[in-house]
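A.B. asks:
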Amino acid sequence: MTTSLPKNVFSSLMARELGGRRPGTATGHSRRMYQSICPTSKAQQLDVPEVHISRFSPCGQYLRASAGRKLLQLLPPAAGASNALSSSPYLDPALYGYDDRVVSPYIRTRPSLEQPIAFRPRNRPDRAGGFRLEAGPYEAVVVRDRRFPRSVTHLAHPDAPFLLTVFSVFQQTSLNINYRG
Numbered sequence: 001m002t003t004s005l006p007k008n009v010f011s012s013l014m015a016r017e018l019g020g021r022r023p024g025t026a027t028g029h030s031r032r033m034y035q036s037i038c039p040t041s042k043a044q045q046l047d048v049p050e051v052h053i054s055r056f057s058p059c060g061q062y063l064r065a066s067a068g069r070k071l072l073q074l075l076p077p078a079a080g081a082s083n084a085l086s087s088s089p090y091l092d093p094a095l096y097g098y099d100d101r102v103v104s105p106y107i108r109t110r111p112s113l114e115q116p117i118a119f120r121p122r123n124r125p126d127r128a129g130g131f132r133l134e135a136g137p138y139e140a141v142v143v144r145d146r147r148f149p150r151s152v153t154h155l156a157h158p159d160a161p162f163l164l165t166v167f168s169v170f171q172q173t174s175l176n177i178n179y180r181g
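Numbering-wise, UniProt numbering puts 126 at position 126 of the sequence shown, and it's gapless, one number per residue.
Structure below.
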């Protein structure tokens with residue numbers, strides 16, 4: 001599903017990001033600079049705010065990607081593709097109780113903790129049927145006296161009891177597959 005925003009909405013979002021300055025004044029560049037680099041037809045096809053003129057590449061593809069990323073950063077978390085909601089019942093707070101600082105229905109990278117994550121069903125008084133996700137054996141990495149903490153992303157299957165856990169530490173990435181039998 002693609003949503004297109006009116007031009008004035010995009011410009012107002014970019015002006016808010018620039019702290020109230022008008023688009024085009026942040027870089028001191030104009031659309032004429034880009035037209036001298038690229039063919040006129042390509043410059044006319046691109047309909048983007050002038051604030052990103054300094055990021056234009058001769059083919060214009062970098063500009064569109066950069067403008068899209070900036071717009072997604074300004075939108076509310078539920079609307080952005082980088083903060084998509086998981087439809088898994090295991091991440092539904094009405095069905096399961098868990099530490100929402102560590103895991104949430106939003107798909108995003110979070111700092112990893114050392115203790116396991118416990119999921120307990122809310123509708124059963126005896127709390128039977130719960131499970132735990134182990135934290136993994138991966139520790140922080142120290143490179144040149146800088147400590148790089150590990151981060152984790154949890155990806156849950158929408159129907160099956162299947163969860164992927166992606167751990168990242170500095171340049172190392174590891175994938176854990178968790179499932180219930």
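A virtual CB, placed ideally from N, CA and C, is assigned to each residue, including glycine.
Once DSSP output is grouped into helix, strand and coil, what is the label at residue 91?
C.D. replies: Here the question's residue 91 lines up with position 91 in the sequence shown. Of the three classes helix, strand and coil, the one that applies to residue 91 here is helix, per DSSP.
A.B. asks: Given a cut-off of 8 Å, decide if residue 166 and residue 148 are closer than it, judged by their beta-carbon atoms.
C.D. replies: The residue labelled residue 148 in the question sits at position 148 within the sequence shown. The residue labelled residue 166 in the question sits at position 166 within the sequence shown. Not a contact, by the Cβ cut-off of 8 Å.
A.B. asks: Per DSSP, which residues does residue 167 bridge with? Please list them.
C.D. replies: Translated into positions along the sequence shown, residue 167 becomes position 167. Bridge partners of residue 167: 152 and 174.
A.B. asks: Assuming residue 186 contacts residue 103 (C-beta within less than 8 Å), just tell me the rounded distance between them.
C.D. replies: Because the chain spans 1 through 181 in this model, residue 186 falls outside it and cannot be assessed.
A.B. asks: Compare the C-alpha of residue 172 against each of 154, 141, 159 and 117 and name the closest.
C.D. replies: The residue labelled residue 172 in the question sits at position 172 within the sequence shown. The option with the nearest alpha carbon to residue 172 is 141.
A.B. asks: Just list the residues that DSSP pairs residue 146 with in beta bridges.
C.D. replies: By one-based count along the sequence shown, residue 146 stands at place 146. Paired residues: 143.
A.B. asks: Given a cut-off of 8 Å on the beta-carbon distance, is the pair residue 94 and residue 122 in contact?
C.D. replies: As a first step, residue 94 must be located in the sequence shown, where it is residue number 94. As a first step, residue 122 must be located in the sequence shown, where it is residue number 122. The answer is yes: Cβ separation under 8 Å.
A.B. asks: I'd like the span of the beta strand (DSSP E) that includes residue 117, first residue to last.
C.D. replies: Along the sequence shown, read from residue 1 onward, the residue named residue 117 stands at position 117. Where residue 117 is concerned, the enclosing beta strand (DSSP E) stretches over 117 to 121.
A.B. asks: Indicate the three-state DSSP secondary structure (helix, strand or coil) for residue 179 in the structure shown.
C.D. replies: As a first step, residue 179 must be located in the sequence shown, where it is residue number 179. Looking at residue 179 - three-state DSSP - the assignment turns out to be strand.
A.B. asks: Is it the case that the Cβ atoms of residue 85 and residue 105 are separated by a distance below 8 Å?
C.D. replies: For the purposes of this step, residue 85 is taken as the residue at position 85 of the sequence shown. For the purposes of this step, residue 105 is taken as the residue at position 105 of the sequence shown. A contact, by the Cβ cut-off of 8 Å.
A.B. asks: Tell me whether the beta-carbon of residue 117 lies closer than 8 Å to the beta-carbon of residue 133.
C.D. replies: Here residue 117 corresponds to residue number 117 of the sequence shown, with the count starting at 1. Here residue 133 corresponds to residue number 133 of the sequence shown, with the count starting at 1. Against a cut-off of 8 Å, the Cβ pair of residue 133 and residue 117 comes out as a contact.
A.B. asks: CB-CB under 7 Å to residue 179, same chain, minus the five flanking residues each way: which ones, in chain order?
C.D. replies: For this step, residue 179 is matched to residue 179 along the sequence shown. Excluding positions up to five away in sequence, the list reads 161 and 162.
A.B. asks: Starting from the C-beta of residue 154, find all residues in its chain whose C-beta is less than 7 Å away, skip the five residues before and the five after it, and write them out in chain order.
C.D. replies: As a working note, residue 154 is residue 154 in the sequence shown. Closer than 7 Å at Cβ, skipping near neighbours: 103, 163 and 165.
A.B. asks: Anyone know if the C-beta pair for residue 136 and residue 120 falls short of 8 Å?
C.D. replies: The residue given as residue 136 occupies position 136 in the sequence shown. The residue given as residue 120 occupies position 120 in the sequence shown. Not a contact, by the Cβ cut-off of 8 Å.
A.B. asks: Within 7 Å: the Cβ of residue 96 and any heavy atom of the ligand ADP?
C.D. replies: As far as ligands go, the structure on display features none, and thus does not contain the ligand ADP.
A.B. asks: Looking at the structure shown, is residue 131 part of a helix, part of a strand, or coil, going by DSSP?
C.D. replies: Position 131 of the sequence shown, counting from 1, holds the residue named residue 131. Residue state, collapsed to three classes: strand.
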